[in-house]
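Step one of this worksheet: look at the structure below.
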């Protein structure tokens, strides 16, 4: 599987999103992507209680540990490479989590405009 170039929304080298729990489509702790990543796991979020509840309600329980998949579950404050469409859905439902733009892959911009992401940025001065 060939990975797309590891570039963030600013055209710079993509910074790691986290490491505990291990995240990313490639489980490399970066929001890297490829043609095989149909979910576009490209937006690095900081999990909030509001978002985790929203995601669980939508059928994607990210907070419950799943040892059979070596998944510890996400807690409030954890960083995670989220599917761009799920982030957009959370935004439309007024439940979008904050994002790390330097850790967000440029491919996310194919789904979510940069102007919207900037409103939720944790890493802009």
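Residue numbers (my numbering): 314 to 438. Cβ atoms here follow ideal geometry from the backbone N, Cα and C, with glycine treated the same way.
Counting only residues of its own chain and dropping the five nearest sequence neighbours on each side, residue 436 has a CB closer than 6 angstroms to the CB of 413, 414 and 415. If you ignore the 5 residues before and after residue 434, its C-beta comes within less than 8 angstroms of the C-beta of 411, 412, 413 and 414, all in its own chain and listed in chain order. When rounded, the separation of the alpha-carbon atoms in residue 405 and residue 394 is 19 angstroms. Between residue 392 and residue 366, the C-beta gap is not smaller than 8 angstroms, which leaves the two residues out of contact.
Annotation for residue 408: 363, 364 and 367 place their beta carbon closer than 7 angstroms to its own, counting only its chain and skipping 5 residues before and after.
For the 8 angstroms CB-CB criterion, residue 420 and residue 355 form a contact. The beta carbon of residue 401 sits closer than 7 angstroms to those of 424 and 425, all from its chain and outside the five residues before and after it, given in chain order. Looking only at 315, 314 and 322, the smallest Cα-Cα distance to residue 418 is reached by 322. In this structure, residue 384 places its C-beta atom within 8 angstroms of the C-beta atom of residue 334.
The criterion of a C-beta distance shorter than 8 angstroms is satisfied by residue 314 and residue 347.
Apart from the 5 residues on each side of it in sequence, residue 396 sits with its Cβ closer than 7 angstroms to the Cβ of 352, 353 and 354 in its chain, given in chain order. Between the alpha carbons of residue 320 and residue 379 lies a distance of about 30 angstroms.
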